[in-house]
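S.K.: Here's a structure for you.
Number of protein chains: 2
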Amino acid sequence: MNATLPDTDSPSRARILAGARREFADRGFEGARLSDIAGQAGLSHPTLLYHFTSKAELYGAVIASAVVDWTRETEAAVSGALHGFDQVASIIDAGFAFFASHPDFARILRREALDGGHRLDDAIAGALRPFLERAVAFLEREMEAGRLRRHDPLELMAICYGAVFTYFSDAGFRARLLGEDPLSEVALSRHRHALTELLGAALRPA
Amino acid sequence: MNATLPDTDSPSRARILAGARREFADRGFEGARLSDIAGQAGLSHPTLLYHFTSKAELYGAVIASAVVDWTRETEAAVSGALHGFDQVASIIDAGFAFFASHPDFARILRREALDGGHRLDDAIAGALRPFLERAVAFLEREMEAGRLRRHDPLELMAICYGAVFTYFSDAGFRARLLGEDPLSEVALSRHRHALTELLGAALRPA
DNA sequence: ATACCTCTACTGACTTGTCAGTAGAGGTGC
DNA sequence: GCACCTCTACTGACAAGTCAGTAGAGGTAT
Chain A
52 MNATLPDTDS PSRARILAGA RREFADRGFE GARLSDIAGQ AGLSHPTLLY
102 HFTSKAELYG AVIASAVVDW TRETEAAVSG ALHGFDQVAS IIDAGFAFFA
152 SHPDFARILR REALDGGHRL DDAIAGALRP FLERAVAFLE REMEAGRLRR
202 HDPLELMAIC YGAVFTYFSD AGFRARLLGE DPLSEVALSR HRHALTELLG
252 AALRPA
Chain B
52 MNATLPDTDS PSRARILAGA RREFADRGFE GARLSDIAGQ AGLSHPTLLY
102 HFTSKAELYG AVIASAVVDW TRETEAAVSG ALHGFDQVAS IIDAGFAFFA
152 SHPDFARILR REALDGGHRL DDAIAGALRP FLERAVAFLE REMEAGRLRR
202 HDPLELMAIC YGAVFTYFSD AGFRARLLGE DPLSEVALSR HRHALTELLG
252 AALRPA
């Protein structure tokens, strides 16, 4: 897409990306305003369009940078040599850690999931589907070997995805409902602990 | 909100509401176009604004009608005289049934949750918080009585909320990822069954 | 003849993207 | 040590289009 490519990571570009992540998370693709994003970076909106040729390209850059982080940060957890429930807990931990350090991205991703995910085709093919397939294969193997109790592996992943993902994407809602900050360290580890306990009770062999 | 109320349910009004539900679910509040909604009802957009004085009022009416349905349809499940895990399964079933019959509302609700839920304050105070409090109180009582294994009741609700809610709000994403319709009867009961089994394995006393 | 419902035509606000031009840093020849 | 050029980063002004909401007139049933 970028034919003549001098900069790639100027300070302005980085500030624009940071503001864009916030605005796209807060207001969605349609709701975000280029002039607001530019303003947060201390620039006028034409300058933003000097660095990114269109709103869509800027959005794509935000997604891409998060997908890079996701792949890097989950790699360790997935390729670990653990077995049975320890490996499950490790993946849950990795998911929590990733979203806790990328809370805005959780909301961007949810908006995409709501829209059917058509803008995520590359990310799905490149990162999400492989991740899911490895996880399901792992679960099947471990259940077969008797190191995990039998459950539907794919649906188990869907349940974990829903629980972890929702905690972060709906953090504002939870805050309003319960009057506490879900991204605080205590709230976060309370939820992670509860999920891990629940899964452990259901998955650990008797 | 509706002080001087002549019509309340003309045929046009009902058709507008149905179209609005679809459009708000598909594109969000900002993305939805009044002229598209009106067009689906066979009307021009100023005619829509004759029935609903603003886009925001129309949106509020969509939310309100769904909250009415929610309260009615979950009432039976929550006030049932069941005990232990049977009651838990009954609430899960009710949640599935509600969202399966209101798939568009699931996505509208998720968009609201993403935005922090500030437009849902009435619904939270009137329906959601009471529902949650009754559920948590029930879980505590049953755990105390030994009819359910001990888990964190609030987090347990959050996990169920996340799993059920995500299944419906992200149905389009799941369809893209797996290539099957998540709202089909088989897919739906597969997921509900998996969730019920998982919860049962974790919650039923040994 | 009046209440209700609908339309066409229009406005004002706003948004993305374009364009011409400015400021300043840095290299080069002399 | 200076005239000249080029490049990046940036801006204000504007073009083009979209959208919610308004005004006012017409049709229809009672």
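Chains as they are written, first to last, in our numbering: chain A, 52 to 257; chain B, 52 to 257. Built from N, CA and C at the ideal position, the CB exists for glycine as well. Keep in mind that this is a model prediction, so the values were computed, not measured.
Can you give me the C-alpha to C-alpha distance between PRO204 (chain A) and LEU249 (chain B), rounded to a whole angstrom?
M.R.: The straight-line gap from Cα to Cα measures roughly 11 Å.
S.K.: How would you call PRO233 (chain B), buried or exposed, if buried means at least 16 neighbouring beta carbons within 10 angstroms?
M.R.: So PRO233 (chain B) counts as buried.
S.K.: Using the Cβ count rule (16 or more neighbours within 10 Å means buried), how would you classify TYR101 (chain A)?
M.R.: Exposed, by the Cβ-count rule.
S.K.: Could you tell me the boundaries of the alpha helix (DSSP H) in which THR122 (chain B) lies?
M.R.: Per DSSP, THR122 (chain B) belongs to the alpha helix (DSSP H) from 106-130.
S.K.: Using a Cβ distance threshold of 8 Å, determine whether the stretch 210-217 of chain B contacts the stretch 144-157 of chain B, with at least three qualifying pairs required.
M.R.: Flag = yes, the stretch 210-217 of chain B and the stretch 144-157 of chain B touch.
S.K.: Would the stretch 235-252 of chain B and the stretch 193-212 of chain A be scored as touching if the rule is three or more Cβ pairs under 8 Å?
M.R.: Yes: at least three Cβ pairs fall under 8 Å.
S.K.: Tell me whether ASN53 (chain A) is buried or exposed, calling it buried when 16 or more other Cβ atoms sit within 10 Å of its Cβ.
M.R.: Because ASN53 (chain A) carries a pLDDT of 31, less than 50, the predicted location of this residue cannot be relied on, and the following value inherits that uncertainty. Answer is exposed; the Cβ neighbour count stays below 16.
S.K.: Going by CA-CA distance only, name the one from B:SER116, B:ILE88, B:ALA117, B:VAL119 that's closest to LYS106 (chain B).
M.R.: That would be B:ILE88, whose Cα lies nearest to the Cα of LYS106 (chain B).
S.K.: Does the stretch 224-233 of chain B come into contact with the stretch 168-176 of chain B, if we say contact requires no fewer than three beta-carbon pairs (one atom in each stretch) closer than 8 Å?
M.R.: Judged by Cβ distances under 8 Å, the stretch 224-233 of chain B makes no contact with the stretch 168-176 of chain B, as fewer than three pairs qualify.
S.K.: Would you call the stretch 111-123 of chain B and the stretch 62-77 of chain B touching, i.e. three or more CB-CB distances under 8 Å?
M.R.: The stretch 111-123 of chain B vs the stretch 62-77 of chain B: in contact.
S.K.: Looking at SER63 (chain B) and ALA92 (chain B), is the spacing between their C-beta atoms short of 8 Å?
M.R.: Yes, Cβ-Cβ distance for ALA92 (chain B) and SER63 (chain B) is below 8 Å.
S.K.: What's the call for ARG162 (chain B), buried or exposed, on a 16-neighbour Cβ count within 10 Å?
M.R.: Looking at its Cβ environment, which holds 16 or more other Cβ atoms inside 10 Å, ARG162 (chain B) is buried.
S.K.: For the candidate residues B:GLY79, B:PHE182, B:GLY111, B:PRO97, whose alpha-carbon lies nearest to that of LEU68 (chain B)?
M.R.: The shortest C-alpha separation from LEU68 (chain B) is found at B:GLY111.
S.K.: For ARG225 (chain B), does the count of other Cβ atoms within 10 angstroms reach 16, so buried, or fall short, so exposed?
M.R.: Per the 10 Å Cβ criterion, buried.
S.K.: Which residues, in order along the stretch 57-88 of chain A, keep a beta-carbon less than 7 Å from a beta-carbon of chain B?
M.R.: The residues in question are GLY79, GLU81, GLY82.
S.K.: Any beta carbon from chain A within less than 8 Å of SER220 (chain B)'s own beta carbon?
M.R.: Judged by the 8 Å Cβ criterion, SER220 (chain B) is in contact with chain A.
S.K.: Flag LEU217 (chain B) as yes if its beta-carbon sits less than 8 Å from any beta-carbon of chain A, otherwise no.
M.R.: This sequence places Thr at residue 217 (chain B); Leu is not what is there. It does: the Cβ of THR217 (chain B) has a partner Cβ on chain A nearer than 8 Å.
S.K.: If you draw a straight line from the alpha carbon of ILE142 (chain B) to that of CYS211 (chain B), how long is it in whole angstroms?
M.R.: So the alpha carbons of these two residues sit roughly 10 Å apart.
S.K.: Need the endpoints of the alpha helix (DSSP H) that HIS242 (chain B) sits in, please.
M.R.: Looking at the DSSP string, the run of the alpha helix (DSSP H) that includes HIS242 (chain B) is 236-254.
S.K.: Tell me whether SER61 (chain B) sits in a helix, a strand or coil according to DSSP, three-state version.
M.R.: Note: SER61 (chain B) maps to coil in three-state DSSP.
S.K.: Residues of chain B with CB under 8 Å from LEU246 (chain A), in chain order?
M.R.: Those within 8 Å of LEU246 (chain A) in chain B are GLU206, ILE210.
S.K.: With 8 Å as the threshold, decide whether the Cβ of ARG123 (chain A) is near any Cβ in chain B.
M.R.: No, ARG123 (chain A) lies away from the interface with chain B (no Cβ there is under 8 Å from its Cβ).
S.K.: Between which residues of its own chain and PHE150 (chain A) is the CB-CB distance below 6 Å, once the five residues before and five after are set aside?
M.R.: Correct list, in chain order: ALA157, PHE219.
S.K.: Quick one: list the residues of chain A neighbouring ILE175 (chain B), beta-carbon separation under 8 Å, in chain order.
M.R.: What ILE175 (chain B) touches in chain A: ARG227, LEU228.
S.K.: Using a Cβ-Cβ distance cut-off of 8 Å, determine whether ALA214 (chain B) contacts chain A.
M.R.: Chain A, which has a Cβ nearer than 8 Å to the Cβ of ALA214 (chain B), makes this yes.
S.K.: The alpha helix (DSSP H) that contains GLY146 (chain A), what's its start and end?
M.R.: 135-152 is the extent of the alpha helix (DSSP H) around GLY146 (chain A).
S.K.: Which one of B:GLU206, B:LEU94, B:ALA186 has the shortest CA to CA distance from ALA65 (chain B)?
M.R.: Among B:GLU206, B:LEU94, B:ALA186, the Cα nearest to that of ALA65 (chain B) belongs to B:LEU94.
S.K.: So which of A:ALA188, A:ARG243, A:GLU184, A:SER240 has the shortest CA-CA distance to GLY135 (chain A)?
M.R.: Among A:ALA188, A:ARG243, A:GLU184, A:SER240, the Cα nearest to that of GLY135 (chain A) is on A:ALA188.
S.K.: In three-state terms, what does DSSP make of PHE103 (chain B)?
M.R.: Reduced to three states, the DSSP call for PHE103 (chain B) is coil.
S.K.: Please identify the residue among B:ARG241, B:ARG192, B:LEU183 whose C-alpha is closest to the C-alpha of THR122 (chain B).
M.R.: The residue with the shortest Cα to Cα distance from THR122 (chain B) is B:LEU183.
S.K.: Taking 8 Å as the CB-CB cut-off, is ASP155 (chain A) touching chain B?
M.R.: Chain B contact via Cβ: absent.
S.K.: Within the continuous alpha helix (DSSP H) that includes ALA188 (chain B), where are the two ends?
M.R.: Element bounds for ALA188 (chain B): 180-195.
S.K.: Is the shortest distance between the beta-carbon of PHE182 (chain B) and the beta-carbons of chain A less than 8 Å?
M.R.: False, the Cβ-Cβ gap to chain A never drops below 8 Å.
S.K.: Whose C-alpha, out of A:HIS153, A:GLY131, A:VAL139, A:PRO97, is nearest the C-alpha of ASP120 (chain A)?
M.R.: When each option's Cα is compared against that of ASP120 (chain A), the closest is A:HIS153.
S.K.: With DSSP collapsed to three states, give me the class of ASP172 (chain A).
M.R.: In this structure, ASP172 (chain A) counts as helix in the three-state DSSP scheme.
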